[in-house]
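For the sequence shown, this note's numbering begins at -4 and goes up steadily by one. These notes concern the structure reproduced below.
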Amino acid sequence: MIKRISIFLFLFALILLFTNIFVANASDIDAKAYMLMDVKTNRVLYSHNSSAKLPMASTTKIMTVILAIESGRLDEMVTISREASIQEGSSIYLKEGEKIKLEDLLYAIMLHSGNDASVAVAEHLCGTVEKFAELMNEKARQIGANNTNFKNPHGLPDDEHYTTAFDLGLITCYALRNDTFAQIVKTKRKTIPGPEEENWDRVLTNKNKMLWQFGGGDGVKTGYTKKAGRCLVSSATREDWQLASVVLNCGDMWNASSQLLEYGFNNYKKIKAIDKDEPFKEIPVIKGKKKLAKVYPAEDLYGPIKISGNE
């Protein structure tokens, strides 16, 4: 019995050793830039070349979708223009004159990366792609993504269309704090209507493999062009704690993203810094029933803390 326990402990020690090796090698990720963030606080947990301005391909659509959600117009019907119907690249084959619900287009954008759906949304909300891009840039500044510039809603190549790993992390964390956005990006499959005059539906399968292959994976968006390379924004939640990763121009984007997220979950711990049930201050009361009034935080505040001894 003692021999069996010893063998078990030895094997367990080996697992821990190899886990630590895997976690420690986050710096081996082969990407032009990457970023790991705590979604709630925007705290950067790990990064490389995070301020470099780079093309981001279809991860652009994170901004497109959060703007559409915040417009409050999800139930509106969108009439597809010729310009939207002829967009190059990934498509859900929208037809000129077709009418489709705005909310359905957002699923088409995030699950199937529809460039045609992205243009349709931009035109419906702002009239033109150019005006929508202005709105995207305005929102980016509000979020704090000051080294980002959008020229279109889909991410097809343009020399003036770029972001940084840090900025894209900020945009992603902001979007993930919206319940509707979070629900869309974690949806694995969705059926939306086809053209009204035709008897078929569009069945959308999410292209983000992290939803299937990473424990706790819950989004966000893939991207690829020759200029941008392979890009992936991912998020995962474990024990009510959500992290987001960004990799730009990364050939092995699935493993790189998994490695970053595992690094975060294994090297940091979510700690409650402020308890809403504990008063943090007492204020004197003049001519009141009590001499002191206790002031409580509006909510609990959590933050990621590095686990001692983990490098």
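Beta carbons: idealized from backbone N, C-alpha and C, even for Gly. Because the structure is a prediction, the values reported are computed rather than measured.
- Query: How is Arg225 classed by DSSP in three states: helix, strand or coil?
  - Reply: Reading the sequence shown from its first residue, position 230 is the one you call residue 225. Here Arg225 sits in strand by DSSP.
- Please determine, among Lys48, Leu101 and Tyr88, the residue with the shortest C-alpha to C-alpha distance to Glu71. For the purposes of this step, residue 71 is taken as the residue at position 76 of the sequence shown. Closest option to Glu71, Cα to Cα, is Leu101.
- Can you pull the DSSP bridge partners for Ser76? For the purposes of this step, residue 76 is identified with residue 81 of the sequence shown, where counting begins at 1. Ser76 is not bridged to any residue.
- Message: Short of 6 Å in beta carbon distance, which residues of its chain neighbour Met248, apart from the five on each side in sequence? Order them along the chain.
- Response: Reading the sequence shown from its first residue, position 253 is the one you call residue 248. Excluding positions up to five away in sequence, the list reads Arg225, Leu227 and Val242.
- Best match in Tyr88, Glu118 and Glu93 for proximity to His107 [C-alpha to C-alpha]: Residue mapping note: residue 107 aligns to position 112 of the sequence shown, counting from 1. For His107, the nearest C-alpha among the options comes from Tyr88.
- Query: In three-state DSSP terms, what is Arg38?
  - Reply: Within the sequence shown, residue 38 is the residue found at index 43, counting from 1. Here Arg38 sits in coil by DSSP.
- Do you know offhand how far Ser46's Cα is from Phe161's? Sequence index remark: in the sequence shown, residue 46 carries index 51 (1-based). Sequence index remark: in the sequence shown, residue 161 carries index 166 (1-based). Distance between the alpha carbons of Ser46 and Phe161 is about 6 Å.
- Beta bridge counterpart(s) of Asp197 as assigned by DSSP: Taking the first residue of the sequence shown as position 1, residue 197 is located at position 202. In the sequence on display, residue 197 carries Arg and not Asp. In the DSSP output, where bridge partners are listed per residue, Arg197 has Ile187.
- DSSP bridge partner residues for Gln237 (one or two, in chain order): Here residue 237 refers to the residue found at position 242 of the sequence shown. According to DSSP, which records beta bridges pairwise, Gln237 is partnered with Thr232.
- Go ahead and pull the three-state DSSP assignment for Val290. Within the sequence shown, residue 290 is the residue found at index 295, counting from 1. Val290 falls in the strand class under three-state DSSP.
- For Glu193 and Gly92, the rounded distance between their alpha carbons: Counting from one through the sequence shown, the residue named residue 92 turns up at place 97. Counting from one through the sequence shown, the residue named residue 193 turns up at place 198. Roughly 13 Å separates the two Cα atoms.
- Item | Own chain, CB closer than 7 Å to Lys307, minus 5 neighbours either side, in chain order | Residue 307 lies beyond the range of the chain shown here (-4 to 306); nothing can be said about it.
- DSSP three-state assignment for Ala47, whether helix, strand or coil: For the purposes of this step, residue 47 is taken as the residue at position 52 of the sequence shown. DSSP places Ala47 in coil when its eight states are reduced to three.
- If you count every other CB in all the chains shown that lies within 10 Å of the CB of Val34, and 16 or more means buried, which is it? For the purposes of this step, residue 34 is taken as residue 39 along the sequence shown, with counting starting at 1. With 16 or more Cβ atoms within 10 Å of its Cβ, Val34 is classed as buried.
- With DSSP as the reference, label Thr220 as helix, strand or coil. Here residue 220 is taken as the residue at index 225 of the sequence shown, counted from 1. Strand at Thr220.
- Query: What residues match up with Pro279 in a beta bridge as DSSP calls it?
  - Reply: Here residue 279 corresponds to residue number 284 of the sequence shown, with the count starting at 1. Its beta-bridge partners are Leu287.
- Message: Let me make sure I understand the geometry here. Which of Tyr258, Ile269, Ser85 and Asp99 has the alpha-carbon closest to that of Ser352?
- Response: With the chain covering -4 to 306 only, the question about residue 352 has no answer from this structure.
- Query: Less than 8 Å separating the beta-carbons of Asn201 and Thr182?
  - Reply: The residue labelled residue 201 in the question sits at position 206 within the sequence shown. The residue labelled residue 182 in the question sits at position 187 within the sequence shown. Cβ atoms of Asn201 and Thr182: closer than 8 Å.
- Quick one: what does DSSP say Gly67 is sitting in, helix, strand or coil? For the purposes of this step, residue 67 is taken as the residue at position 72 of the sequence shown. Reduced to three states, the DSSP call for Gly67 is coil.
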